[in-house]
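Read top to bottom, the protein sequences are chains A and B.
Anchor point for the first sequence: position 66 equals 66 in this note's numbering, and the numbering is continuous, going up by one each time.
Anchor point for the second sequence: position 343 equals 1343 in this note's numbering, and the numbering is continuous, going up by one each time.
Beta carbons are placed, not taken as given, at the ideal position from N, Cα and C, and that holds for glycine.
All figures in this text were calculated on a predicted structure; none of them were measured in a lab.
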Amino acid sequence: MTSYLPPAQRIWWNVPVGRQEIVWITIALIWCLILFFMMPYWHVYGKQNLSTEAYKTTPAQYGPKVQAMIDKYTVRTETEQQIPVVAPPAGSDIYMLARLWQWWPILELEKGKTYRLHLSSMDWQHGFSVQPVNINMQVVPGYEMVLNITPDVAGEYGVVCNEYCGIGHHTMLGRIYVKE
Amino acid sequence: MSNFRLCPDTGLFFDKNAESLMKVHAVAAVVSLLVAGLLALGVALTRWPAVHLLPADQFYMFLTAHGIDALLFWIIFFEIAILYFAGSTLLRVRLAAPKWAWLGFALMLIGAVTTNVAIFQGNSSVMMTSYVPMQAAPHFYLGLILFAVGALIGCFVFFGTLVIAKTENTYEGSVPLVTFGAITAAIIAVFTIASGAIILVPTFLWSIGYISHIDPEMYRIIWWAMGHSSQQINVAAHVSVWYLVAGLTLGARPMSEKVSRFAFLLYIFFLQLASAHHILVDPGVSAEWKIFNTSYAMYLAVLASMIHGLTVPGAMEVAQREKGYTHGLFEWLRKAPWGNPAFSSTFISLVIFGFIGGITGVVMGTEQINLIIHNTIYVPAHFHATVAVGTTLTFMGLAFFLIPVLFRRQMILPTLAKWQPFLFGGSMTVLILFMMGAGTLGVSRRHWDMDFAGAALSFEYSGMAYTLMGIAGIGAVVAVISGGAFLLITVGSLLFGKKLEPSAGILQSFLGVPLSADTYNAKPEILPMAAPVEEHGSAGFEAPGTFVLAMVLLVSFIVYYFINWKYLASVWPLS
Ligand code: HEM
Ligand SMILES: [Cu+2]
Ligand SMILES: [Cu+2]
Chain A
1 MTSYLPPAQR
11 IWWNVPVGRQ
21 EIVWITIALI
31 WCLILFFMMP
41 YWHVYGKQNL
51 STEAYKTTPA
61 QYGPKVQAMI
71 DKYTVRTETE
81 QQIPVVAPPA
91 GSDIYMLARL
101 WQWWPILELE
111 KGKTYRLHLS
121 SMDWQHGFSV
131 QPVNINMQVV
141 PGYEMVLNIT
151 PDVAGEYGVV
161 CNEYCGIGHH
171 TMLGRIYVKE
Chain B
1001 MSNFRLCPDT
1011 GLFFDKNAES
1021 LMKVHAVAAV
1031 VSLLVAGLLA
1041 LGVALTRWPA
1051 VHLLPADQFY
1061 MFLTAHGIDA
1071 LLFWIIFFEI
1081 AILYFAGSTL
1091 LRVRLAAPKW
1101 AWLGFALMLI
1111 GAVTTNVAIF
1121 QGNSSVMMTS
1131 YVPMQAAPHF
1141 YLGLILFAVG
1151 ALIGCFVFFG
1161 TLVIAKTENT
1171 YEGSVPLVTF
1181 GAITAAIIAV
1191 FTIASGAIIL
1201 VPTFLWSIGY
1211 ISHIDPEMYR
1221 IIWWAMGHSS
1231 QQINVAAHVS
1241 VWYLVAGLTL
1251 GARPMSEKVS
1261 RFAFLLYIFF
1271 LQLASAHHIL
1281 VDPGVSAEWK
1291 IFNTSYAMYL
1301 AVLASMIHGL
1311 TVPGAMEVAQ
1321 REKGYTHGLF
1331 EWLRKAPWGN
1341 PAFSSTFISL
1351 VIFGFIGGIT
1361 GVVMGTEQIN
1371 LIIHNTIYVP
1381 AHFHATVAVG
1391 TTLTFMGLAF
1401 FLIPVLFRRQ
1411 MILPTLAKWQ
1421 PFLFGGSMTV
1431 LILFMMGAGT
1441 LGVSRRHWDM
1451 DFAGAALSFE
1461 YSGMAYTLMG
1471 IAGIGAVVAV
1481 ISGGAFLLIT
1491 VGSLLFGKKL
1501 EPSAGILQSF
1511 LGVPLSADTY
1521 NAKPEILPMA
1531 APVEEHGSAG
1541 FEAPGTFVLA
1551 MVLLVSFIVY
1561 YFINWKYLAS
1571 VWPLS
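As structure tokens, then:
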């Protein structure tokens, strides 16, 4: 009479299933299908989807691209480290570089405009976590991910690193400005 | 001369070799949990912003060891004991190849010690995921490989035991449901360990310089084929224990053998897809691949868990109703043996696993929603609901049950034991809910300082985030204390509990030395099939209370799921 004895019927797979289980399995299956179809649905009707655009890269290729943007569009520097604040034109390719333990450079974007944001790491894995909007991406060395972002609320955002990257991980903090 | 001992309290037959091996695996598991718990205290007190106990290097060292000792060593040592129990003890058969089983245990033990040594030497603070190209000392990986090989041997000893039971006809009909679930777990384990070998062996070779480069994205995908599949092992194992405890404490039988076994099979069919939900915000993975895999082909593994979520408490309810607790919807539940820690831990674990672990898992594994949760402290909140309450609390309850039955010692501090599952389950739930809240506010996991001391720039989390982390810290401290109560009771009972069998000494308990020869005098008869039951008209609902609970779960699930879509809709548009 228990779960740890062999089934009471030798041919247990022919024993009919009770109504209660059938009803629950049906409901659960419908819910599972809804869970499934929500994802393609959001690709069509939702506004927050990740592009799958990505390229293999190396630090030697990625670094100069970031530098080129910095050389062209730096508007000022901040802090003693002279971190460049870069304000590229709306719609352009913008770059954020992750390295131990820095997000480089600071980006200054216009509210409501779309940019092609490139992300890659020069060394270990990092986590691109924009706060407080709470957008989180994995940054993997050797790969350059391209995302189309449209910051739609003005403000000052922190870029936290939320993939553990060694002893200085907690000091890896960047910034994005979104201007009206 | 026989090799079996009959447990006078339960009627279970213990094979001498299986008994010794179960004991040493259980002891090694409990020691791992002890270490993991002490480390958890350090970790949690550091994440409590007002306390911020440890310096950064120790925090990351402790966190690496906490993850590995809890998730791998505690759980897997205990699971091998469960496999031997579900094979040898439940089927009344001798254990296959005991020498191999001991070799497996030795490898697991050496592996566990080696990896711990590597971590505490200080230059392997790479987290349990050890994402390349961050590199640990070679013996960090080597220990994990040895541990995995040992566990693999344990799985094959279990399979061999099943073969012996079949050929020697030690049972009638088909294997019991609990054994069936354990078989599921072991099959998944073989797949998991194979994936582990594919990724850890090259990583080890890389750490000693034989391989120059490991692609970090490929590492993530294959590592998680191991890392997540191993969670399927845990689910299959603890669900089996739920059925076992339902049978042991209430005499419950499965509502339908077919349904429950089918649900276990679903775990096997879809497990190889599991790594995807760790890769949802990674570069260059196609949306189709993510959707198909993260949902395990349309959420069929979720379906399996939802089925068990009905059939486990349903089986309990049916058994209770047959005892006469038929009043209203919930008399069966009120009159359940809440004073028996094996029962209460199972039930609490079932509820928290389903309501929190299951729902959060599906939500954050949704392709797009993941981007507002990935790597926040919401993630550890989720898996403490699944492994720290789901698996760990279930195993704790089984451990209480095993003290008299397997170790032949009377449990000390029975009143504390009665409260322990409530304390642990309750405080863990506090920890979990408040970490979930903080994660929703963006607080990062694996992060030493939410003030970012020493950073060139600054960012301030909301005051609420600090409050939530503080309350989580309080929950954590109580959880560690109640975990300590578990250790006190189990280890204390093995040391000081009244001997229920004169030869049950300390060596017998801790080193697996057999009891005196004359206790092994039983000749098990062939394990009979369960007694047939009259059908009470299966047209009606046999377990209406459970059905109501299941609907509450479903409604919570739906509401919480769509709240998260709404939250997602509020962040910056991305494409
Ligand atoms: C005794 C009570 C426990 C407490 C207070 C506790 C606390 C914590 C905390 C606060 C973290 C996250 C820290 C961070 O990401 O910054 C953590 C991580 C973790 N815990 Fe626990 N935990 C406990 C028990 C357990 C148990 C029983 C298990 C598994 C069976 C477990 C498995 C893990 C794992 C796998 C991690 C992730 C480590 C990583 O990120 O690499 N914990 N724990
Ligand atoms: Cu970083
Ligand atoms: Cu980091």
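- At least one heavy atom of ligand 1 is found less than 7 Å from the C-beta of B/F1383.
- Nearest neighbour of B/T1394 by Cα position, chosen from B/L1142, B/Y1141, B/T1046 and B/F1422, turns out to be B/F1422.
- For B/D1449, no beta strand (DSSP E) run applies, since DSSP gives it neither H nor E.
- As the crow flies, the alpha-carbon of A/V75 is around 20 Å from that of A/G63.
- Annotation for B/Q1058: G1042 place their beta carbon closer than 8 Å to its own, counting only its chain and skipping 5 residues before and after.
- Within 8 Å of the CB of A/G174, the CB atoms of chain B belong to L1457, in sequence order along the chain.
- A buried status is given to B/S1482, since no fewer than 16 other beta-carbon atoms sit within 10 Å of its beta-carbon.
- Listed in chain order, the positions of the segment 1344-1362 of chain B with a beta carbon within less than 8 Å of a beta carbon of chain A are V1362.
- When only Cα atoms are considered, B/I1199 and A/T77 end up about 43 Å apart.
- Relative to ligand 1, B/P1421 has its C-beta separated by 7 Å or more from all heavy atoms.
- For B/G1454, the nearest CB of chain A lies under 8 Å from its own CB, placing it at the interface with that chain.
- These are the residues, in chain order, with a beta carbon less than 5 Å from any non-hydrogen atom of ligand 2: A/H126, A/C161, A/C165 and A/M172.
- Here B/K1499 really is in contact with B/R1409; their C-beta atoms are around 6 Å apart, less than 8 Å.
- Per DSSP, B/Y1219 is one residue of the alpha helix (DSSP H) stretching across P1216 to L1250.
- CA-to-CA, the gap between B/F1557 and B/I1356 works out to about 9 Å.
- Distance from the CA of B/H1228 to the CA of A/T79, rounded to the nearest whole angstrom, comes to 43 Å.
- Segment contact: the segment 1135-1148 of chain B against the segment 1116-1124 of chain B, three or more CB-CB distances shorter than 8 Å; contact assigned.
- Secondary structure of B/Q1420 (DSSP, three-state): helix.
- Nearest to B/S1493 by C-alpha distance, out of B/S1458, B/I1403 and B/A1485, is B/I1403.
- In this structure, B/V1132 is the residue among B/S1240, B/V1132, B/P1254 and B/M1128 with its C-alpha nearest to the C-alpha of A/W124.
- Taking the CA atoms as reference points, B/V1387 sits about 8 Å from B/N1234.
- Distances from the CB of B/V1201 to the heavy atoms of ligand 1 are all 7 Å or more.
- B/T1519 sits close to B/S1503, with the two beta carbons spaced by under 8 Å.
- If you check the CB distance, B/L1329 and B/G1545 come in under 8 Å.
- With contacts defined by Cβ atoms closer than 8 Å, A/Q131 and A/G155 do not form a contacting pair.
- The Cβ of A/W13 sits closer than 8 Å to at least one Cβ of chain B.
- Around the beta carbon of B/F1180, a 10 Å sphere encloses 16 or more other beta carbons of the protein chains shown; the residue is thus reported as buried.
- Bounds of the beta strand (DSSP E) holding A/I135 are I135 to V139.
- Near chain A, meaning a CB-to-CB distance below 7 Å, the residues of the segment 1209-1220 of chain B are D1215, P1216 and E1217.
- Rounded to the nearest angstrom, the gap between the Cα atoms of A/V139 and B/S1444 is 15 Å.
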